[in-house]
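Residues in the sequence shown are numbered from 30 upward in steps of one, following the working numbering.
Just so you know, even glycine gets a beta-carbon here, dropped at the ideal spot from N, CA and C.
For clarity, every value in this text was computed on a predicted model and none was experimentally measured.
Here the structure comes first, spelled out in structure tokens, and everything after it is commentary.
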Amino acid sequence: MGILYSINAQDEVLIPEIKVLGKVTESENHLRWAPNNSLSWDLLRKYGYKVERITTFRNGKLLDNPEKKWLINKLLPKPEEEWGKAFDADTSDMYIAVAAQAIYGTSFDVSSSSMNNSPLASIVHQVKEREARFSYALFGADQSKKVAELSGISWTDREIKKGERYLYRVYSLVPDSIEVIKTGKVLLNTDDVKPLPKPWNVNAFYREGQVHIVWNWFVLSDVYNSYWVQRSDNNGASYTDLTEVPFVQPSKDTPSPNMLFVDTLGSQTGDFLYRIKGKDSFGDWGPYSPPYKVNVKNSMNFTPKIDVKEDEISGNVRVSWEIKENEKIGVKALLLVRGENDKVFKDTLSKNIPVQTGDFLDIGPGPSNYYKLGALGETGDINWSLVSFYQTIDSIPPDAPKGLIATIDSLGRVDIEWDENIESDILGYRVYRSNEKNGQYAQVTNKEIKAISFQDSISIKVLNKKIFYKVLAIDLRGNPSNFSDPLEVARPDIIPPSAPLIGKTSNTSKGPSFEWYPSASNDVMYHLIYRKGASKAETWELIKEYQNPLGKQTFTDSSIVTNQVHYYLMIAVDESGLESIPTKPVGLHSYDNKVRAGVKDLKISRKENAIDLDWVSPISEEFFVDIYKSIDNEPIRFYKRLDGVSSKFTDNEVKDGKVYSYRVKVKYKEGGSSNYSSKVELKY
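Right under this line is the structure:
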């Protein structure tokens with residue numbers, strides 16, 4: 030990317046600023062810069078620049094105290110006589126004269142004098158966006174190292190070391206009282222030496238005596254600002270320049286990422302090789318791209334003519350043509366196509382037809398047929414005949430549409446789709462709607478629609494739960510198909526079901542019980558029973574689900590602990606997932622059989638002259654723990670009573686050789702008791 034390119038790429042200059050580019054080579058760092066507007070450029074060429082280098086990195090780490098050095102305290106364009114000497118030394122560098130005229134000339138008319146016939150003028154005009162002097166001076170510096178040096182907008186730092194990084198700053202010497210110009214800067218790593226890349230994705234093709242060379246300039250737009258094009262007529266033994274001056278890339282605002290160069294060959298034929306190379310902002314050329322071969326063949330001057338008529342034997346359409354011997358030059362093959370109109374030809378009836386007089390029988394014509402015959406040239410171009418039209422007679426209606434599906438949302442928007450008919454002469458489709466499956470259907474499309482989908486809008490606040498659709502097809506002759514099978518669409522349900530009713534309640538030995546009656550709504554899918562305890566901390570828990578119950582139902586809860594109060598409520602859920610309001614909660618006290626919680630995890634262990642029993646007591650402290658004991662085969666008998674706070678017992682009345690068995694039972698002070706624990710046993 031060039032300095033001029035970078036500046037011109039800006040949509041609007043907001044702050045005067047110096048733009049800097051840097052390039053690292055094996056032994057040198059190169060700088061190029063320019064202001065971003067013509068006024069600053071005019072001031073800076075009078076007042077000049079100064080350049081500072083700051084060493085920020087060395088030996089693998091950042092410097093705590095960066096080292097600053099002035100590379101030059103004032104840099105101005107060279108005097109006019111030095112420009113003249115430079116041009117005399119190298120008259121091939123036309124950019125010296127152009128830039129000198131832009132900087133020192135008393136007048137600068139790009140349309141007059143010697144520049145009027147220069148190809149350079151037309152190239153620079155393509156990239157010119159600002160004043161001519163500014164644009165030409167910077168363009169010349171982009172193309173010529175010498176011009177950049179003479180213009181005082183480049184610097185080469187030869188005192189560099191590998192492994193170091195330098196921050197370069199380019200300052201304006203224009204007094205701030207005249208204009209404040211922002212300092213430019215660039216950071217360079219001396220280890221970051223990159224070879225210039227080859228131009229990317231180069232292609233070429235031949236058309237009507239010209240070769241079009243195309244390549245992607247955008248990929249390398251930050252590297253190259255112009256290109257050079259060459260051609261070889263002898264399979265790469267030597268190349269000839271096609272560009273007199275570098276071919277300049279367009280602005281980044283250009284829609285296409287491709288550049289196009291046109292080489293006019295006239296009547297030449299054979300194999301030609303093309304290659305390109307790019308130039309960067311420091312005046313250095315990159316490597317050539319790989320050569321791209323173009324084979325140029327004889328051009329074709331033949332345009333076919335066709336005759337279309339009905340075949341007398343089969344009744345189909347026959348297309349015929351003639352081609353003379355001297356018309357075959359440059360023709361590779363023939364191609365016959367058919368369309369439903371004279372603009373779009375979708376059907377290729379035959380390709381690679383021999384280049385000779387012949388005909389073709391079209392055994393599958395539509396109601397309206399447009400034909401044309403193409404002559405395919407050796408160069409890839411096609412010459413088409415005039416279009417011929419033929420219309421057949423058709424009284425057969427299309428098949429009824431199939432595969433209807435639909436979706437509907439909560440606002441009543443219905444999206445309907447169906448399979449496309451296989452007939453080639455379908456004009457369109459009509460959509461019909463009814464509230465009854467076998468009722469009268471009304472058309473909801475204003476005319477035939479081309480699409481195989483339709484969006485309808487219906488009211489959902491009606492008694493009818495369903496809506497029905499049919500679709501028919503119409504062909505180009507106006508023949509209608511039969512109706513499709515009706516499509517049933519359920520309207521979205523926005524009304525929740527009525528709540529079920531809880532009736533008579535009772536307390537049975539199996540648990541709390543109540544009668545209930547299902548919701549009166551006809552679209553209910555589930556009836557749900559929820560339960561919670563008396564504590565405020567408890568939440569409602571789903572304990573039972575019914576599907577499609579009929580008539581009075583009875584529910585008994587046998588899964589709860591006795592002698593406690595529990596609350597119950599019910600909810601109905603319909604097909605759309607809508608829930609009824611909950612029933613009023615009812616509280617039921619479970620039947621008390623006086624059976625209470627006992628100890629858990631009873632364990633037995635042997636000690637010296639004793640046996641230990643351990644267990645986990647119930648949470649309540651209002652109870653006693655009764656120990657039952659048996660020796661050998663004796664019946665188990667009450668042995669000891671402990672306070673409820675105890676969770677351990679030591680039996681010291683043991684003898685060797687005896688088998689001791691134990692059970693534990695909890696006695697509650699309010700009268701209830703637990704069942705006996707499981708027996709534990711130990712031979713002492």
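Cβ of Ser706 within 7 Å of Cβ of Val693? yes
Let me check understanding here. Comparing Cα to Cα, which of Glu109, Ile132, Asp292 lies closest to Leu72? Ile132
Decide if Ile352 is buried, meaning its Cβ has at least 16 other Cβ atoms within 10 Å, or exposed. buried
DSSP three-state call for Ala626: helix, strand or coil? coil
Classify Phe276 as helix, strand or coil using the three-state DSSP reduction. strand
Proximity to Lys696 [Cα-Cα], best of Lys658, Lys677, Glu682, Glu651: Glu651
Can you give the Cα-Cα distance for Ile189 and Arg198, rounded to whole angstroms? 16 Å
Reference Tyr657, options Ser646, Leu642, Pro647, Lys103, closest by Cα: Leu642
In whole angstroms, give me the CA-to-CA distance for Ala266 and Leu405. 33 Å
Flag this pair as yes or no: are the beta carbons of Arg187 and Glu57 separated by less than 7 Å? yes
Supposed contact pair Ala429 and Ser510 - C-beta distance, whole angstroms, cut 8 Å: 5 Å
Whole runs of the alpha helix (DSSP H) within the region 73 to 143, excluding any shorter than 4 residues: 109 to 118, 123 to 133
Residue from Asp117, Ala601, Thr298 whose Cα sits closest to the Cα of Gln239: Thr298
Assuming Lys175 is part of the alpha helix (DSSP H), what are its boundary residues? 174 to 179
Those residues which DSSP pairs with Tyr596 across a bridge: Lys561, Gly616
Three-state secondary structure assigned by DSSP to Leu505: coil
Taking the runs of the alpha helix (DSSP H) that are 4 residues or longer, which of them lie wholly in the region 242 to 310? none
Rounded separation between Leu402 and Arg347 - CA only: 13 Å
Leaving out the 5 sequence neighbours to the left and right, which residues in its chain are closer than 8 Å to Val231 when beta-carbon positions are compared? Ile242, Val243, Trp244, Tyr303, Arg304, Ile305, Ser318, Pro319, Tyr321
Let me confirm a value: Pro275 is counted as buried when at least 16 other C-beta atoms fall within 10 Å, else exposed. Which label applies? buried
Suppose you measure from the CA of Ser180 to the CA of Val252; what does that come to, to the nearest Å? 22 Å
State the Cα-Cα distance for the pair Thr585 and Glu574, rounded to the nearest angstrom. 13 Å
Residue range of the beta strand (DSSP E) that Thr442 falls in? The question names Thr, yet the displayed sequence has Arg at residue 442. Per DSSP, Arg442 belongs to the beta strand (DSSP E) from 442 to 446.
Could you name the residues of the same chain whose beta carbon sits closer than 7 Å to that of Val325, not counting the 5 residues immediately before and after it, in chain order? Tyr235, Leu294, Gln297, Thr298, Gly299, Phe301
Nearest to Phe168 by alpha carbon, out of Phe311, Ile44, Asp93? Phe311
Under a three-way DSSP split, which group does Ala166 fall into? helix
Let me check understanding here. Comparing Cα to Cα, which of Pro515, Pro547, Ala63 lies closest to Glu178? Ala63
Examine the Cβ distances between the region 449 to 460 and the region 490 to 503 and report whether three or more of them are shorter than 8 Å. yes
Using C-beta distances below 8 Å, list every residue in its chain close to Ser548, excluding the 5 sequence neighbours before and after it, in chain order. Pro526, Ser527, Ala528, Pro529, His556, Ala601, Ser609
Give me the Cα-Cα distance between Trp447 and Thr332, rounded to the nearest whole angstrom. 44 Å
With a threshold of 8 Å, are at least 3 pairs of Cβ atoms found where one atom belongs to the region 468 to 480 and the other to the region 429 to 442? no
With the cut-off set at 7 Å, would you say Ser513 and Leu433 are in Cβ contact? yes
Roughly how many whole angstroms lie between the Cα atoms of Phe163 and Arg74? 11 Å
Let me know if Pro427 comes out buried or exposed under the rule of 16 or more other beta-carbons within 10 Å of its beta-carbon. buried
So, at 6 Å on beta carbons, what are the nonlocal neighbours of Asp40 in its own chain, with the 5 sequence-adjacent residues on each side left out? Summary for Asp40: the model assigns pLDDT 44, below 50, so the residue's position carries little reliability; its value from the coordinates is reported in the next sentence. Cβ neighbours of Asp40 beyond the five flanking positions: none.
Would DSSP call Ala63 helix, strand or coil? strand
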